[in-house]
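I have placed the structure first, in the form of structure tokens, so that the comments after it can refer back to it.
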Amino acid sequence: MAKATKPADLRAKTADELNTLLLELKREQLNLRFQKATGQNEGQSRIRVVRREIARIKTIAAQNTEKSAAGAKTSAAIS
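At position 25 of the sequence shown (counting the first as 1) the number is 25 in full-length UniProt numbering, and the numbers step up by one without a gap.
Printed below as a string of structure tokens:
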């Protein structure tokens, strides 16, 4: 992933797609940490971008679960 993903694009994704993207970013973060530890890291700013992308995905995933929980409560109350 060379470019930061916009929140609107992430909101359009399903929970499975978000989990897949999160897993890829965590792997990239691990690789970047190893590169930093061995002195091979050339793009220091990428670490920061990946960390923020992970936080962004986790936030949107949490918002989606809150929406689905609130929707379930509302539909149960209407029934």
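Think of the CB as a built atom: it goes at the ideal place given N, C-alpha and C, for glycine as much as any other residue.
Distance from the Cα of S45 is smallest, within the candidate group Q29, R56, T38, for Q29. If you draw a straight line from the Cα of I60 to the Cα of Q40, it is about 32 angstroms long.
Residue state for E24 is assigned as helix, using DSSP reduced to three classes.
In the three-state reduction of the DSSP assignment, N31 falls in the helix class, which pools H, G and I. In this structure, L25 places its C-beta atom within 7 angstroms of the C-beta atom of V50.
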